[in-house]
Amino acid sequence: MKKYFAYDYKIGTGLWAWLVIVGLVLACVINYYAVAYSNAYNLKHAFSVGVIWSEGFNKMLVLWVIAALFVILLSAMLIKPMIAAISFDGKPFATHFDGKKYFVTVFKGYLMSIVTFGINLPWLVKDLVTYYTKNPEYKGQRFDFFGMGRILFGVYLVCVIIPFILYGIAENELYTENGLEPTQKFEMAAGSIMAVLAFISAYLIYKWRVDFKYNFYQIRMKTKFLNASLIFIPMMLLASFPLTLPISILVLYKYIANNTSATYDNKVKQFGYDDGNFVSDYLFVLTHTLITCITLGLYFPFAWRAVGKRLVGRTYIQA
41 MKKYFAYDYK
51 IGTGLWAWLV
61 IVGLVLACVI
71 NYYAVAYSNA
81 YNLKHAFSVG
91 VIWSEGFNKM
101 LVLWVIAALF
111 VILLSAMLIK
121 PMIAAISFDG
131 KPFATHFDGK
141 KYFVTVFKGY
151 LMSIVTFGIN
161 LPWLVKDLVT
171 YYTKNPEYKG
181 QRFDFFGMGR
191 ILFGVYLVCV
201 IIPFILYGIA
211 ENELYTENGL
221 EPTQKFEMAA
231 GSIMAVLAFI
241 SAYLIYKWRV
251 DFKYNFYQIR
261 MKTKFLNASL
271 IFIPMMLLAS
281 FPLTLPISIL
291 VLYKYIANNT
301 SATYDNKVKQ
311 FGYDDGNFVS
321 DYLFVLTHTL
331 ITCITLGLYF
341 PFAWRAVGKR
351 LVGRTYIQA
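Residues are numbered in the numbering used here as their position in the sequence shown, beginning at 1, plus a constant of 40.
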């Protein structure tokens, strides 16, 4: 017997929080191009690169760090109603978010991430996911999250840190020491490898996130790395373009739903997704995607509500 989810997202206070987030992101983008233009102009007129770096880049970095902190803090006002919008088998999820506890969690983890030059970032993410997992409640029972920070750090190390170090070494050995500029083939090859690793890390991070426990049931996404990579890599590539983003959303959502299950002893409850008309779904998601792009992201909460209602409403658990 299939029991279905439902989604009724009420934007409310989340709207102004999202507008502030969009404003902060736009401020960072404008600041970046302003610094880049200033650098290009100053270099053209033989100004010191050291002065440009210290004055322009440092100010930009401070702005980005402060903006990122506010984005993380404000995101709670978006995520709380997103979770509260979920209901299953006609019964809604309840949320019990403690603003003070969230602020302390974010501020402490963010400060540690700055002090450790980003090394603590996986543990900050783990703390945030744990916070968002333990606060929702369904039928009087809360959820637990079992993802570990060291696992996420391993993904971060293998897919981000080591590749960037190897790229720097290769570029230095091949070109810098010989006074040559990196060739286009080298940059394209390096960029392609980085992109593939980014797509693989997206899969590994998402699988890491789906590790919950509810009322003795362990909820996990059970997939094999090779098979999942063959799905995630091309779909993440399609997600890079507005016209193909809806395909990525529809395929990945179905794949994730159909490969997630809740187990307890020998009992298995399988998640699933009922197919609709793919062309109709594509055009529906595409419409909301394009409006979001045209409005520079301002429409996103409304797009989330519409697309979420359509997709979550077809998601079920079958005993």
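Quick reminder that beta carbons are idealized off the backbone N, C-alpha and C, glycines included.
Quick one: give me the first and last residue of the alpha helix (DSSP H) that residue i is part of.
{"i": "M276", "result": "F265 to L278"}
{"i": "M41", "result": "From DSSP, M41 is part of no alpha helix (DSSP H); its letter is neither H nor E."}
{"i": "Y295", "result": "L285 to N298"}
{"i": "I191", "result": "G189 to Y196"}
Among residues of its own chain, excluding the 5 on either side of residue i, which ones have a beta-carbon nearer than 6 Å to its beta-carbon?
{"i": "V89", "result": "Confidence in V89 is poor, its pLDDT being 43 and thus under 50, which makes the residue's placement unreliable; the coordinate value appears in the next sentence. Closer than 6 Å at Cβ, skipping near neighbours: no residue."}
{"i": "C68", "result": "W104 and A107"}
{"i": "S288", "result": "M275, L278 and A279"}
{"i": "D129", "result": "K43"}
{"i": "E177", "result": "A134"}
{"i": "Y257", "result": "A302 and Y304"}
May I ask which residues mark the beginning and end of the beta strand (DSSP E) holding residue i?
{"i": "R354", "result": "Careful: R354 lies outside any beta strand (DSSP E) and carries neither H nor E."}
{"i": "M261", "result": "Y257 to M261"}
{"i": "D360", "result": "No statement about residue 360 is possible, as the shown extent of the chain runs from 41 to 359 and does not include it."}
{"i": "P176", "result": "P176 to Y178"}
Taking the beta carbon of residue i as the centre, do at least 16 other beta carbons fall within 10 Å, making it buried, or is it exposed?
{"i": "V91", "result": "Because the pLDDT at V91 is just 44, under 50, the model does not fix this residue reliably, and the value given afterwards should be weighed accordingly. Per the 10 Å Cβ criterion, exposed."}
{"i": "N299", "result": "buried"}
{"i": "A125", "result": "buried"}
{"i": "Y304", "result": "exposed"}
{"i": "P282", "result": "exposed"}
{"i": "L266", "result": "exposed"}
{"i": "K264", "result": "exposed"}
{"i": "L64", "result": "buried"}
Are the Cβ atoms of residue i and residue j separated by less than 8 Å?
{"i": "G448", "j": "Y44", "result": "Any question about residue 448 goes unanswered here, given that the chain covers just 41 to 359."}
{"i": "V325", "j": "I245", "result": "no"}
{"i": "D251", "j": "F185", "result": "yes"}
{"i": "A235", "j": "C199", "result": "no"}
{"i": "L192", "j": "V165", "result": "yes"}
Nearest chain D C-beta to residue i closer than 8 Å, yes or no?
{"i": "F110", "result": "In the displayed structure, chain D is absent; only one protein chain is listed."}
For residue i, collect the residues of the same chain with a Cβ closer than 7 Å to its Cβ; drop the 5 residues on either side in sequence, then sort them by chain order.
{"i": "R354", "result": "Y313, D314 and G316"}
{"i": "L109", "result": "Y150"}
{"i": "K294", "result": "Y313"}
Am I right that residue i and residue j are in contact with their C-beta atoms under 8 Å? What's the rounded C-beta distance?
{"i": "L285", "j": "T329", "result": "5 Å"}
{"i": "I240", "j": "I273", "result": "7 Å"}
Under 8 Å Cβ to Cβ from residue i, same chain only, skipping five residues before and after it: list those, please.
{"i": "V352", "result": "F45, A46, Y47 and I126"}
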